[in-house]
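**Q** Have a look at this one before I ask anything.
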Amino acid sequence: MAFRQWLPLIGLTVSVFIFNMSEFMPVGLLTSIADDFGTSESQTGLIISFYAWAVAICSLPLMLLLRKVDYRPMLLMAVLTFTVFQFLSGISTSYWMLMASRIGVALAHSVFWSIAAPLAVSVVEFRYHRFALSVMAVGTSVAMILGLPLGRVIGLAMGWRMSFFAIAAVSVLTLILLTAVFPQVRNPGTFTVKRMPDIYRNRVLVGVYVMIVVFVTGHFTCYSYIEPFLLDAAGMSDGSVTVALTVFGLAGIVGSMIFSKMYDRTRFRIVPAVLLFSGLSMMMFGLALGNFVLLMALCALWGMCYTLFCVISQNETLRAAPVDAAPVAMSLQSGIFNAGIASGSIVGGIVIDLRSVNDIGFVASVFALAAFLFTYLWLIRKIRANAETGRENSL
Numbered sequence: 586m587a588f589r590q591w592l593p594l595i596g597l598t599v600s601v602f603i604f605n606m607s608e609f610m611p612v613g614l615l616t617s618i619a620d621d622f623g624t625s626e627s628q629t630g631l632i633i634s635f636y637a638w639a640v641a642i643c644s645l646p647l648m649l650l651l652r653k654v655d656y657r658p659m660l661l662m663a664v665l666t667f668t669v670f671q672f673l674s675g676i677s678t679s680y681w682m683l684m685a686s687r688i689g690v691a692l693a694h695s696v697f698w699s700i701a702a703p704l705a706v707s708v709v710e711f712r713y714h715r716f717a718l719s720v721m722a723v724g725t726s727v728a729m730i731l732g733l734p735l736g737r738v739i740g741l742a743m744g745w746r747m748s749f750f751a752i753a754a755v756s757v758l759t760l761i762l763l764t765a766v767f768p769q770v771r772n773p774g775t776f777t778v779k780r781m782p783d784i785y786r787n788r789v790l791v792g793v794y795v796m797i798v799v800f801v802t803g804h805f806t807c808y809s810y811i812e813p814f815l816l817d818a819a820g821m822s823d824g825s826v827t828v829a830l831t832v833f834g835l836a837g838i839v840g841s842m843i844f845s846k847m848y849d850r851t852r853f854r855i856v857p858a859v860l861l862f863s864g865l866s867m868m869m870f871g872l873a874l875g876n877f878v879l880l881m882a883l884c885a886l887w888g889m890c891y892t893l894f895c896v897i898s899q900n901e902t903l904r905a906a907p908v909d910a911a912p913v914a915m916s917l918q919s920g921i922f923n924a925g926i927a928s929g930s931i932v933g934g935i936v937i938d939l940r941s942v943n944d945i946g947f948v949a950s951v952f953a954l955a956a957f958l959f960t961y962l963w964l965i966r967k968i969r970a971n972a973e974t975g976r977e978n979s980l
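The sequence shown begins at 586 in my numbering and counts up by one.
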């Protein structure tokens, strides 16, 4: 791949890193933020769910509003908005100011994730499309390897606000890089609101969305509260929790490599397998309390499956959607994904309030296994039929 194609792809991957780090960093800082503002952990967890609901609600309207704007200015605008509200998050003096600032970041997120995958495949040659998606997935994994643990370390050592300031600083550098290297990418602007019913009549696309919302609800029922689970239920130290988050992210890099190398020839088996093993790993968390080695192994399996799921869901969305509707289809995908995050955060909080943090893995696994059954029994057959009859895009 030519060097001129690497530079914008690197810029996008760094952007993926900071957007992911920002979205999920509160997971590792819930206790610190709750202590600072005098709120409960379940109430503080609403910062995650409100962020996600803002993305879920705003992604499609924003993309329809911006559907004729070329992609380069849209990308730069999203990163600039992200930078401003990230800084405001760091200077928040109250719980509600932090909440409002996070919603501002969520608006930038809505635009960025609607165009990130289409942009990644647009700046490289056709034969590198799948590789470009896997490289972007590495940005997600590195955010979990370095971002979440590093944000947690900074938060514990210097206060949670410094974690937000650090991301704001990196986002300034990212904006400079993208301004310098990202090419003009024309937006065809041919998709109209009148064609929205075509999206909803696309059975494969709607099936992918159903798989996403059910699985992601389960995943974030557990992941949103993984810090208090590991601290309180598993009895881990702060350092061990950081190790667990790092293992989760490292395994994600393995997941992105598996996608790049194996997805084509194992496509119809790997999709349901990822859902099944995610569900089983979360189910096992409650049975592994006190067993550090087993908990680390489960974190590794879970992290690998999660990254695989993220890149698979992007891939299947782009394959099923009309080419000129890709940003709109991805905005729906991003919105639905974040509806799952918000729902999972709420479900996890309810489980903690009514039962115990020990039970979040069991409840989460019910959703993941439901997504597995839906995908295995119905969705994969529809995807296979689309592939065999040439009714999908090539990636």
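Where a beta carbon is used, it is the ideal one built from N, C-alpha and C, also for glycine.
Put phenylalanine 767 into one of helix, strand or coil per three-state DSSP.
**A** As a first step, residue 767 must be located in the sequence shown, where it is residue number 182. Coil at phenylalanine 767, not helix or strand.
**Q** Excluding five sequence neighbours on each side, which residues of the same chain lie with their C-beta closer than 7 Å to the C-beta of alanine 753?
**A** Stepping through the sequence shown from its first residue, residue 753 is reached at position 168. Excluding positions up to five away in sequence, the list reads Thr668, Gln671, Phe672, Gly675.
**Q** Rounded to the nearest angstrom, what separates leucine 760 and isoleucine 603 at their Cα positions?
**A** Indexing the sequence shown from 1 puts residue 760 at position 175. Indexing the sequence shown from 1 puts residue 603 at position 18. Rounded to whole angstroms, the gap between the alpha carbons of leucine 760 and isoleucine 603 is 11 Å.
**Q** Please look up how many angstroms separate the CB atoms of leucine 718 and valine 708, rounded, as I've assumed it's under 8 Å.
**A** The count along the sequence shown starts at 1 and reaches residue 718 at position 133. The count along the sequence shown starts at 1 and reaches residue 708 at position 123. About 12 Å separates the two Cβ atoms, so there is no contact after all.
**Q** For alanine 910, count neighbouring Cβ atoms within 10 angstroms of its own Cβ and tell me buried if that reaches 16, exposed if not.
**A** Counting from one through the sequence shown, the residue named residue 910 turns up at place 325. The residue is buried, with at least 16 neighbouring Cβ atoms inside 10 Å.
**Q** Excluding five sequence neighbours on each side, which residues of the same chain lie with their C-beta closer than 8 Å to the C-beta of glycine 946?
**A** In the sequence shown, the residue the question calls residue 946 occupies position 361. Apart from sequence neighbours up to five positions away, the residues of its chain that approach glycine 946 with a beta-carbon distance below 8 Å are Cys807, Phe814, Met867, Met868, Met869, Phe870, Gly871, ordered along the chain.
**Q** Tell me, to the nearest whole angstrom, how far the beta carbon of valine 859 is from that of leucine 880; I am working on the premise that it is less than 8 Å.
**A** Locating residue 859 in the sequence shown gives position 274, counting from the first residue. Locating residue 880 in the sequence shown gives position 295, counting from the first residue. Wrong, their Cβ atoms sit about 20 Å apart, outside the cutoff.
**Q** Rounding to the nearest angstrom, what Cα-Cα distance links arginine 850 and isoleucine 838 in this structure?
**A** Here residue 850 is taken as the residue at index 265 of the sequence shown, counted from 1. Here residue 838 is taken as the residue at index 253 of the sequence shown, counted from 1. Cα-Cα distance, rounded: 20 Å.
**Q** Can you name the start and end residues of the alpha helix (DSSP H) that serine 634 belongs to?
**A** Counting from one through the sequence shown, the residue named residue 634 turns up at place 49. Taken as a continuous stretch (DSSP letters only), the alpha helix (DSSP H) holding serine 634 covers 631 to 650.
**Q** Here's a check: name, in chain order, each residue in its chain whose Cβ is nearer than 6 Å to the Cβ of alanine 836, leaving out the five neighbours to either side.
**A** Here residue 836 refers to the residue found at position 251 of the sequence shown. In chain order, Ala885, Gly888, Met889 place their CB closer than 6 Å to the CB of alanine 836, counting only its own chain and leaving out the 5 sequence neighbours on each side.
**Q** For the stretch 873 to 950, which segments carrying the alpha helix (DSSP H) assignment without a break, of at least 4 residues, lie completely within its bounds, in sequence order?
**A** 877 to 905, 911 to 939
**Q** Going straight from the alpha carbon of alanine 765 to that of glycine 596, what length do you get?
**A** Here residue 765 refers to the residue found at position 180 when the sequence shown is read from its first residue. Here residue 596 refers to the residue found at position 11 when the sequence shown is read from its first residue. Going from the Cα of alanine 765 to the Cα of glycine 596 covers about 10 Å.
**Q** Could you give the DSSP three-state label for proline 611: helix, strand or coil?
**A** Start at 1 with the first residue of the sequence shown, and residue 611 comes out as number 26. Correct three-state label for proline 611: helix.
**Q** Given that a residue counts as buried once 16 or more other Cβ atoms are within 10 Å of its Cβ, and exposed if not, what is leucine 660?
**A** Against the sequence shown, residue 660 aligns to sequence position 75. When all chains shown are included, leucine 660 counts as buried.
**Q** Going by the CB atoms, is the gap between alanine 693 and alanine 663 shorter than 8 Å?
**A** Numbered from its first residue, the sequence shown carries residue 663 at position 78. Numbered from its first residue, the sequence shown carries residue 693 at position 108. Contact: yes.
**Q** Which of helix, strand or coil does DSSP assign to isoleucine 843?
**A** In the sequence shown, residue 843 corresponds to position 258, counting from 1. Three-state result, isoleucine 843: helix.
**Q** Could you tell me which of Asn605, Ser941, Pro593 sits nearest to arginine 657, measuring between CA atoms?
**A** What you label residue 657 is simply residue 72 of the sequence shown in a count that begins at 1. When each option's Cα is compared against that of arginine 657, the closest is Pro593.
**Q** Considering only residues of the same chain and omitting the five flanking positions on each side of serine 928, which have a CB-CB separation below 6 Å?
**A** As a position in the sequence shown, residue 928 is number 343, starting the count at 1. Closer than 6 Å at Cβ, skipping near neighbours: Thr802.
**Q** With C-beta atoms as the reference, is alanine 914 less than 8 Å away from isoleucine 784?
**A** Counting from 1 along the sequence shown, the entry for residue 914 is found at position 329. Counting from 1 along the sequence shown, the entry for residue 784 is found at position 199. Remark: C-beta atoms of alanine 914 and isoleucine 784 approach each other more closely than 8 Å.
**Q** I believe serine 679 touches aspartate 938 by the beta-carbon criterion, under 8 Å. Please report the beta-carbon distance rounded to the nearest angstrom.
**A** The residue you call residue 679 lines up with position 94 of the sequence shown. The residue you call residue 938 lines up with position 353 of the sequence shown. Your pair serine 679 and aspartate 938 does not check out as a contact, with CB atoms roughly 23 Å apart and the cut at 8 Å.
**Q** Just verifying my parser: in three-state terms, what is the DSSP assignment at asparagine 772?
**A** Along the sequence shown, read from residue 1 onward, the residue named residue 772 stands at position 187. Coil, per DSSP.
**Q** Would you call the stretch 952 to 967 and the stretch 817 to 833 touching, i.e. three or more CB-CB distances under 8 Å?
**A** No, because fewer than three Cβ pairs between the stretch 952 to 967 and the stretch 817 to 833 fall closer than 8 Å, the two stretches do not touch.
**Q** Report the residue from Thr598, Phe952, Arg969, Glu973 whose alpha carbon sits nearest the alpha carbon of valine 795.
**A** In the sequence shown, the residue the question calls residue 795 occupies position 210. Checked all of Thr598, Phe952, Arg969, Glu973; the closest Cα to valine 795 is Phe952.
**Q** Between Gly875, Lys967, Leu865, Phe877, which lies nearest to valine 948 when the distance is taken from Cα to Cα?
**A** The sequence position of residue 948 within the sequence shown is 363, counting from 1. Nearest C-alpha to valine 948: Leu865.
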